[in-house]
Amino acid sequence: MSQSNAAKTSAGPIPVTVLTGFLGAGKTTLLNRILSENHGQKIAVIENEFGPESIDNDLLVQDRDEQIIEMNNGCVCCTVRGDLVRILDELRAKRALGKLGFDRVIIETTGMANPGPVCQTFFIDDSIASAYMLDGVITVVDAKHGHETLDTQTEAQNQVGFADRILVSKVDLVEDAEFQDLRARLVRMNPRAAITPANFGQADIRELLDLHGFNLNAILDIDPQFLEGEHPDAAEDAHSHDHHHHDGEACEHPSHSHAHAHHDDAIKAFIFKSDRAFDPVRLEEFLSGIVQVYGPDLLRYKGVLFVKGSNRRLLFQGVHQLMGAEPGRAWLANEKRNTKMVFIGRNLPQDIFNLGLEQCLA
Ligand SMILES: Nc1nc2c(ncn2[C@@H]2O[C@H](COP(=O)(O)OP(=O)(O)OP(=O)(O)O)[C@@H](O)[C@H]2O)c(=O)[nH]1
């Protein structure tokens with residue numbers, strides 16, 4: 001394993017996975033599972049815990065193949081972001097000098113954290129942006145308490161909105177109908193993240209690492225359902241909304257599906273599609289305006305755009321106010337040129353977005 005590090009040290013950016021989920025959802029359980037699995041990778045872990053002792057930036061554990069660094073006193077999303085940058089910088093420097101070998105980084109955020117600012121770190125800070133690549137956000141949702149947490153905690157909703165993958169823990173503690181109901185709700189909130197049940201962190205590691213969720217070039221290769229607007233769960237959800245017991249069995253438990261069937265979450269996703277090309281100037285103007293106004297409530301947005309005057313697909317994505325676009329591959333001769341965009345955010349005025357985007361069409 002360590003041999004491979006030497007080779008990787010100078011190669012491309014270091015992939016980073018952000019692991020999030022509400023308090024007690026099962027993040028640590030999943031992380032321990034990832035670390036104990038024999039996947040042949042060395043993982044540096046940055047943990048952000050609330051605690052009275054400041055052990056900030058100490059290497060706490062250096063056995064096996066992991067380096068675990070704990071960031072204390074504060075929340076990685078706000079006060080400690082400077083620390084996160086510093087720690088990532090130090091890790092990079094040590095790795096470059098050969099003092100530390102690792103293939104990737106996992107950041108376990110505190111249950112209270114909004115993953116947005118953590119993700120932004122990888123775009124805002126130049127030294128971080130060049131050394132690291134944000135690979136994806138994994139959100140753990142507790143099957144037993146998920147509904148309640150989502151009802152009451154804004155940060156839990158944000159965490160779902162940001163996810164590239166959602167792992168539902170503690171499925172062993174609920175009936176299948178309850179799990180399906182939670183799943184339907186999660187799909188409404190974030191149709192682009194695959195949802196997998198994972199008891200005690202038992203998940204296929206290969207489905208969690210190398211997601212390229214934030215990597216524009218890989219957008220469509222990695223998740224073929226991305227932006228399809230026809231997520232298998234979403235399709236099912238549309239029909240099962242009022243019919244939770246299609247197998248004819250009535251549910252006796254008042255606490256089950258019914259109670260949550262009509263949740264209207266503030267975090268929602270919508271998709272914009274068009275076969276007409278965008279006028280690039282108008283589009284740029286509209287988007288930069290709209291992120292100024294709605295940035296704080298825009299969690300994730302991504303798209304593959306058909307733009308007038310270009311024979312290449314334009315790949316576009318953003319986190320809050322930070323937006324970026326880059327040319328993708330050329331449209332194929334027999335390919336139908338069109339635009340697909342997804343917006344995930346809190347209380348977004350879908351009609352304003354749709355209308356505005358329509359007006360940007362050439
Ligand atoms: N029944 C059951 N219990 C689980 C599962 N996953 C985790 N737990 C338990 O849930 C509790 C919390 O799990 P942790 O992994 O510590 O959760 P966490 O998200 O790291 O918690 P914080 O660090 O407090 O935010 C522990 O007692 C775990 O054993 C699961 O799939 N099923």
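Residue numbering for the sequence shown follows UniProt numbering, beginning at 1 and increasing consecutively.
All residues carry an ideal CB built from backbone N, CA and C; glycine is no exception.
What is the rounded straight-line gap between the Cα of residue 366 and the Cα of E37? Nothing about residue 366 can be reported from this structure: the residues present for the chain run from 1 to 362 only.
By Cβ distance below 6 Å, which residues in the same chain neighbour K27 in space, the five residues on each side in sequence not counted? Working through the sequence shown from its first residue, we reach residue 27 at position 27. The residues are L19, G21, E108, V140.
Endpoints, the alpha helix (DSSP H) within which G352 is located: Position 352 of the sequence shown, counted from the start, is the residue given in the question as residue 352. The residue you asked about is not Gly; residue 352 is Ile in the sequence shown. In the DSSP assignment, I352 falls within the alpha helix (DSSP H) that extends over 350 to 359.
Sequence-distant residues of its chain with Cβ nearer than 6 Å to P280 (five each side left out): In the sequence shown, residue 280 corresponds to position 280, counting from 1. Answer for P280: V307, listed in chain order.
For Q41, the residue or residues it bridges with in DSSP: Your numbering for residue 41 matches position 41 in the sequence shown. DSSP output for Q41 lists no bridge partner at all.
Same chain, Cβ closer than 6 Å to A266, neighbours up to 5 away in sequence not counted: Here the question's residue 266 lines up with position 266 in the sequence shown. Within the same chain, A266 has close Cβ partners R346, N347.
Leaving out the 5 sequence neighbours to the left and right, which residues in its chain are closer than 6 Å to G146 when beta-carbon positions are compared? Counted from its first residue, the sequence shown places residue 146 at position 146. Exclusion of the five residues before and after G146 leaves L182 as the residues of its chain whose Cβ lies within less than 6 Å of its Cβ.
Reference K336; option with closest CA among L355, D275, R185: On the sequence shown, position 336 is the one that residue 336 refers to. Distances from the alpha-carbon of K336 to those of L355, D275, R185 put D275 closest.
Answer yes or no: do I106 and L31 have a C-beta to C-beta separation smaller than 8 Å? As a first step, residue 106 must be located in the sequence shown, where it is residue number 106. As a first step, residue 31 must be located in the sequence shown, where it is residue number 31. Less than 8 Å separates the beta-carbon of I106 from that of L31.
Comparing alpha-carbon positions, which option in T29, L134, A96, N338 lies nearest P117? Position 117 of the sequence shown, counting from 1, holds the residue named residue 117. Of the candidates T29, L134, A96, N338, the one whose C-alpha sits nearest the C-alpha of P117 is L134.
Taking 8 Å as the threshold (beta carbon to beta carbon), is G213 in contact with chain B? As a matter of chain content, chain B is missing from the structure shown, which is built from one protein chain.
Any heavy atom of ligand 1 closer than 7 Å to the CB of T20? Position 20 of the sequence shown, counted from the first residue, corresponds to residue 20. No, since every heavy atom of ligand 1 falls outside the 7 Å radius drawn around the Cβ of T20.
Am I right that F278 and T339 are in contact with their C-beta atoms under 8 Å? What's the rounded C-beta distance? By one-based count along the sequence shown, residue 278 stands at place 278. By one-based count along the sequence shown, residue 339 stands at place 339. Contact annotation, F278 with T339: C-beta distance approximately 7 Å; criterion of less than 8 Å satisfied.
7 Å Cβ shell around N354 - same chain, five flanking residues per side excluded: In the sequence shown, counting from the first residue as 1, residue 354 sits at position 354. Only residues of its own chain outside the window of five on either side were considered, and among them F272 have a CB closer than 7 Å to the CB of N354, listed in chain order.
On a CA-only basis, which of D83, L357, N334 is nearest T121? Give me that one, please. As a first step, residue 121 is located in the sequence shown; it is residue number 121 there, counting from the start. T121 has its Cα closest to that of D83, out of D83, L357, N334.
Under the three-state DSSP convention, the category A325 falls into: Looking up residue 325 in the sequence shown gives position 325. Residue state, collapsed to three classes: strand.
Kindly indicate the opening and closing residues of the beta strand (DSSP E) around S169. In the sequence shown, the residue the question calls residue 169 occupies position 169. Under the DSSP assignment, S169 falls in the beta strand (DSSP E) whose first and last residues are 165 to 169.
Strand pairing of M189, partner residues [DSSP]: Stepping through the sequence shown from its first residue, residue 189 is reached at position 189. In the DSSP output, where bridge partners are listed per residue, M189 has none listed.
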